[in-house]
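*Asks:* Please read through the structure below; I'll follow up with questions.
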Amino acid sequence: MQIALAPMEGLVDNILRDVLTRVGGIDWCVTEFIRVNDRLLTPAYFHKLAPELLHGAHTAAGVPLRVQLLGSDPVCLAENAALACELGSQVIDLNFGCPAKTVNKSRGGAVLLKEPELLNQIVEHVRRAVPAHIPVTAKMRLGFDSPDGALVCATALAEGGAAHIVVHARTKTDGYKPPAHWEWIPRVQDVVKVPVFANGDIWSVEDWKRCREVGGAEDIMLGRGLVARPDLARQIVAAKAGEEVVEMTWAQMQPMLHEFWRQSMAQLTEKQAPGRLKQWLAMLTRNYPEAVELFTALRRETGLEQVSRLLGMKHPDPA
């Protein structure tokens with residue numbers, strides 16, 4: 003079984019990737035999508051979104067990072083994929099699942115599921131452009147407004163050369179509304195010979211067990227569920243091994259929050275840092291009552307010193 007940390011634009015940046023991968027249980031993670039339009043991006047831009055490339059394409063905990071590209075121009079995507087490999091990415095992932103309207107309007111993400119031939123061309127071009135030992139993978143949804151084309155799209159990706167496919171078991175129009183349609187995962191697996199990862203609505207060990215029962219996938223990708231429960235991957239690994247599942251306590255979360263805040267102060271602007279902390283705290287409220295209290299106290303705070311004080315840290319101490 004492999005467990006991956008999902009790419010989530012505007013949420014799982016290098017700071018959160020660093021903190022979450024320290025907990026354990028995650029086999030690999032993915033950058034936020036790197037948008038490719040009509041030009042070759044600069045190494046500096048890649049390093050901005052994926053600073054791990056400067057450290058062997060691994061997080062500080064040693065978890066491998068994959069670069070994810072998003073776009074619709076096969077040639078330009080291929081050129082940027084080749085550059086990403088030169089910069090150290092050991093895998094190239096392609097985004098065909100983003101549901102954001104702004105992204106879809108510019109022919110990126112899930113809107114391309116309307117064009118399976120283009121999906122195939124993109125993967126083929128990227129596959130030819132990168133070294134043979136570098137896997138090219140893809141992330142997709144079940145479709146744009148219907149899952150009717152899911153099997154055709156998955157086949158197009160696999161035939162183009164995708165080494166595996168992550169399937170977010172919803173359509174674009176479903177957004178993030180529950181439930182995820184895990185029953186489609188085995189249908190996709192039936193038409194392709196490459197591994198299929200299940201993604202969507204896995205918030206707990208119980209959800210993972212149901213997903214495995216319904217979807218049959220051995221491999222999974224965790225997104226919001228892992229952000230809201232940072233030890234979810236570790237819990238799932240323990241459950242699969244038949245070991246006791248011990249949940250992380252709020253007290254054990256404190257060093258993670260402090261590290262996240264230290265890195266946020268060091269890397270983000272004074273205006274950005276508090277918002278990023280509140281964003282993560284809001285998701286933690288799903289599983290930690292104590293997070294509700296802290297989030298309420300922090301809601302209107304914008305100063306670094308006040309936020310540090312409420313976190314129990316003496317003063318802003320950027321790393």
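Quick note: the sequence shown uses my numbering, first residue 3, plus one each step. Even for Gly, the Cβ is constructed at its ideal location relative to N, Cα and C.
Should Gln274 go down as buried or exposed, given a rule of 16 or more other Cβ atoms within 10 Å for buried?
*Replies:* Flag for Gln274 reads exposed.
*Asks:* With DSSP run on the structure shown, which of helix, strand or coil describes Pro181?
*Replies:* Coil at Pro181, not helix or strand.
*Asks:* Please report the straight-line C-alpha distance between Glu246 and Arg214, rounded to a whole angstrom.
*Replies:* Whole-angstrom Cα-Cα distance: 19 Å.
*Asks:* What number of angstroms, rounded off, separates the C-alpha of Met223 from the C-alpha of Arg24?
*Replies:* If I take the Cα positions, the gap works out to 17 Å.
*Asks:* When the distance is taken between beta carbons, is Val125 closer than 9 Å to Ala327?
*Replies:* Any answer about residue 327 is impossible in this case: the structure gives the chain only from 3 up to 321.
*Asks:* Using the three-state DSSP reduction, which class does Asp95 fall into: helix, strand or coil?
*Replies:* Residue state, collapsed to three classes: strand.
*Asks:* Mapping the DSSP letters down to three states, classify Asn16 as helix, strand or coil.
*Replies:* In this structure, Asn16 counts as helix in the three-state DSSP scheme.
*Asks:* Does the beta-carbon distance from Glu295 to Pro276 come in below 9 Å?
*Replies:* No, Cβ-Cβ distance for Glu295 and Pro276 is not below 9 Å.
*Asks:* Do you know whose CA, among Thr104, Val309 and Ser266, lies nearest Arg19's CA?
*Replies:* The candidate whose alpha carbon is nearest that of Arg19 is Ser266.
*Asks:* Is the region 47–66 in contact with the region 280–288, if contact means three or more CB pairs nearer than 8 Å?
*Replies:* Because the criterion of three Cβ pairs below 8 Å is not met, the region 47–66 and the region 280–288 do not touch.
*Asks:* Mapping DSSP to helix, strand and coil, what is His135?
*Replies:* DSSP places His135 in coil when its eight states are reduced to three.
*Asks:* Should Ala321 be labelled buried (16 or more other beta-carbon atoms within 10 Å of its own) or exposed?
*Replies:* At Ala321, the pLDDT of 49 sits below 50, so the modelled position is not reliable; the number obtained from the coordinates is stated separately. Answer is exposed; the Cβ neighbour count stays below 16.
*Asks:* List the endpoints of the continuous beta strand (DSSP E) containing Thr157.
*Replies:* Counting along the chain, Thr157 falls outside any beta strand (DSSP E), though it belongs to the alpha helix (DSSP H) covering Ala152 to Gly162.
*Asks:* Of the choices Ala160, Asn106 and Glu81, whose alpha-carbon is the least far from that of Glu119?
*Replies:* Here the closest residue by C-alpha is Ala160.
*Asks:* Quick check: does the Cβ of Lys174 come within less than 8 Å of any heavy atom belonging to the ligand ATP?
*Replies:* Because no ligand of any kind appears in the structure shown, any question about the ligand ATP cannot be addressed here.
*Asks:* My understanding is that Ser74 touches Arg109, with C-beta atoms under 8 Å, so please give their C-beta distance in whole angstroms.
*Replies:* That belief holds up - the Cβ atoms of Ser74 and Arg109 are roughly 4 Å apart, short of 8 Å.
*Asks:* Roughly how many angstroms lie between the CA atoms of Arg41 and Lys107, to the nearest whole one?
*Replies:* Those two C-alpha atoms are separated by around 19 Å.
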